[in-house]
DNA sequence: AAGGTCTTAAGACTATTGTCGAAGGGTCGA
DNA sequence: TCGACCCTTCGACAATAGTCTTAAGACCTT
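Residue numbers (this note's numbering), protein chains in the order written: chain A, 2 to 212; chain B, 2 to 212.
In structure tokens form, the structure reads like this:
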């Protein structure tokens with residue numbers, strides 16, 4: 002009987018490109034295109050061999066789609082297709098049970114290799130340089146006062162202003178900042194701001210602690 | 002003589018899809034593919050009829066590429082191809098002198114229409130408000146040297162390091178930085194970095210659906 | 001040739017940033 | 001209850017960042 006592969010991506014051209022790659026891996030399979038998470042879910046009701054899922058679509062944002070789909074279709078291999086290049090997103094997807102992670106910057110060969118792995122019930126993830134996870138861990142190790150200060154630094158405030166706003170001395174602000182730099186492994190506030198911005202952007206869905 | 006169209010996008014599959022669209026609009030044109038801003042720039046040295054430019058590539062982030070290319074090739078029509086759907090980004094691209102803006106979610110028809118407009122020396126932008134961004138204008142007013150320096154500042158480097166890397170004196174670096182602050186309307190490097198990051202990145206807009 | 005802008009850069013300051021050592025307070029286990 | 005440990009706080013000191021003035025050479029436009 003015919004295999005059925007579902008491609009969920011809201012970019013028409015990219016869907017087309019993915020179709021071609023899929024057609025080479027799953028020879029003769031029926032390829033179904035969906036432009037939203039809702040549409041993909043509807044198609045899944047008709048059964049499917051595998052799902053290629055974009056993380057950023059109109060009606061869905063981030064890894065929550067993956068979580069939901071994994072819960073409703075635990076046996077379905079899901080390959081994530083995303084523009085993200087962040088190792089911690091790779092790791093998050095893997096942890097949520099995705100079968101593969103294909104960055105959109107991947108070449109044709111990488112993509113076909115990943116799809117072939119999925120077809121064979123295997124897994125495929127990009128190289129996982131875990132340094133970013135270290136960064137996250139370091140960021141999480143900040144004390145409340147340090148977090149407050151870093152937040153102010155991220156707004157471009159001067160130490161003097163931060164001291165006034167938080168009603169502490171400038172010396173204290175500086176001391177905290179030095180400690181922050183140590184923990185984050187940076188040597189000046191620009192790098193700290195850059196690192197904080199990088200880790201905060203495109204947050205998968207870390208609503209767990211931020212209540 | 003043969004026309005020459007350059008496609009700069011770091012995603013191989015998407016490049017292929019774009020090639021097909023271009024081939025229909027510029028009949029018989031030579032299509033050159035580049036996978037980085039540097040490669041595109043190298044190809045541009047050989048002359049070109051038009052450039053299709055992706056905003057996020059390996060060696061470049063955001064609108065600064067467009068700014069740089071506009072400065073170096075003022076007469077070249079540049080069509081931006083981006084995953085962004087933000088009207089703010091459309092407007093920014095228009096203001097920076099792009100000939101067209103093609104969201105990756107656009108269908109084949111929209112894309113061909115936009116490319117045809119570019120071919121005819123016309124413009125093509127998606128629906129959006131025309132609120133011109135003062136910050137963008139200020140950013141675009143930076144001179145090449147200032148842009149180089151700002152780029153280094155954005156990496157968290159010290160003035161001393163910047164001076165060494167660019168083989169100029171620290172005094173010069175400081176002079177440029179003071180000028181940059183004036184133009185951008187900020188008062189220290191952290192704010193400059195923050196502003197540059199805000200304007201340069203078209204984020205995935207993860208806040209749209211979630212609340 | 002005159003005027004403008006850009007890049008480079010010096011010297012002399014001022015302001016801001018960052019480091020170090022140290023003190024006081026709170027918690028927690030022995 | 002006593003340390004051991006961490007968090008917060010701070011002043012003194014050192015380093016870096018940023019401003020102002022001035023100026024020279026390159027380049028472009030008028």
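From the three backbone atoms N, C-alpha and C, an ideal C-beta is built for every residue, glycine too.
Predicted model only: the values in this text are computed from it and were never measured.
Whole-angstrom C-beta distance between residue j and residue i, which should lie under 8 Å
i: residue 35 of chain A; j: residue 9 of chain A; result: 4 Å
i: residue 18 of chain A; j: residue 15 of chain B; result: 6 Å
Span separating the alpha-carbon of residue i from that of residue j
i: residue 175 of chain B; j: residue 74 of chain B; result: 29 Å
i: residue 203 of chain B; j: residue 44 of chain A; result: Annotation note: pLDDT 47 at residue 203 of chain B (below 50); position unreliable, coordinate value reported separately. Cα to Cα, the separation comes out at about 31 Å.
i: residue 98 of chain A; j: residue 48 of chain A; result: 19 Å
i: residue 124 of chain A; j: residue 85 of chain A; result: 18 Å
i: residue 24 of chain B; j: residue 150 of chain B; result: 39 Å
i: residue 39 of chain B; j: residue 169 of chain B; result: 23 Å
i: residue 158 of chain A; j: residue 190 of chain B; result: 11 Å
i: residue 117 of chain A; j: residue 26 of chain A; result: 6 Å
i: residue 57 of chain A; j: residue 37 of chain A; result: 9 Å
i: residue 113 of chain A; j: residue 90 of chain B; result: 33 Å
i: residue 143 of chain A; j: residue 183 of chain A; result: 10 Å
i: residue 20 of chain B; j: residue 77 of chain A; result: 34 Å
i: residue 187 of chain B; j: residue 199 of chain B; result: 14 Å
i: residue 209 of chain B; j: residue 165 of chain B; result: Bear in mind that a pLDDT of 29 at residue 209 of chain B, under 50, signals an unreliable position, so the number given afterwards is only what the model happens to contain. Using only the alpha carbons, I get a separation of about 44 Å.
i: residue 212 of chain B; j: residue 121 of chain B; result: The predicted model places residue 212 of chain B with a pLDDT of 24, which falls under 50 and marks its position as unreliable, so this point remains unresolved.
i: residue 1 of chain A; j: residue 192 of chain A; result: Residue 1 of chain A is absent from the structure shown; chain A starts at 2 and stops at 212.
i: residue 28 of chain A; j: residue 111 of chain B; result: 31 Å
Own chain partners of residue i with C-beta closer than 6 Å, once the 5 adjacent residues on each side are dropped
i: residue 82 of chain B; result: 53, 55 and 103
i: residue 155 of chain B; result: 194 and 197
i: residue 30 of chain A; result: 4 and 6
i: residue 42 of chain B; result: none
i: residue 50 of chain B; result: 4, 5 and 6
Sub-8 Å separation of residue i and residue j beta-carbons
i: residue 163 of chain A; j: residue 172 of chain A; result: no
i: residue 79 of chain B; j: residue 67 of chain B; result: yes
i: residue 115 of chain B; j: residue 94 of chain B; result: no
i: residue 185 of chain B; j: residue 139 of chain B; result: yes
i: residue 106 of chain A; j: residue 12 of chain B; result: yes
i: residue 96 of chain B; j: residue 137 of chain B; result: yes
i: residue 145 of chain B; j: residue 72 of chain B; result: yes
Same chain, Cβ closer than 7 Å to residue i, five either side skipped, listed in chain order
i: residue 161 of chain B; result: 171
i: residue 180 of chain B; result: 147
i: residue 32 of chain A; result: 6, 8, 20, 23 and 24
i: residue 141 of chain B; result: 68 and 97
i: residue 109 of chain B; result: 22
Practice problem: Taking a Cβ distance cut-off of 8 Å, strictly less, list which residues of the stretch 102-114 of chain B are near chain A, in chain order. | Solution: Going along the stretch 102-114 of chain B in chain order, one finds 105, 106, 107, 108, 109 and 112 with a Cβ nearer than 8 Å to chain A.
Quiz item: In chain order, what residues of the stretch 165-198 of chain B put their CB closer than 8 Å to some CB of chain A?
Solution: Sequence-ordered contacts of the stretch 165-198 of chain B with chain A read 187, 189, 190, 191, 192, 194, 195 and 198 [C-beta pairs closer than 8 Å].
Quiz prompt | Members of the stretch 6-17 of chain A that neighbour chain B once the beta carbon cut-off is set at 7 Å | solution = Look at the stretch 6-17 of chain A: the residues with a C-beta under 7 Å from a C-beta of chain B are 11, 12, 13, 14, 15 and 17.
Quiz prompt | Contact list for the stretch 141-159 of chain B against chain A, Cβ threshold 9 Å | solution = Listed by position along the chain: 154, 155, 156, 157, 158 and 159.
Exercise. Please list the residues of the stretch 78-101 of chain B that have a C-beta atom closer than 8 Å to any C-beta atom in chain A, keeping them in chain order.
Key: Look at the stretch 78-101 of chain B: the residues with a C-beta under 8 Å from a C-beta of chain A are 84.
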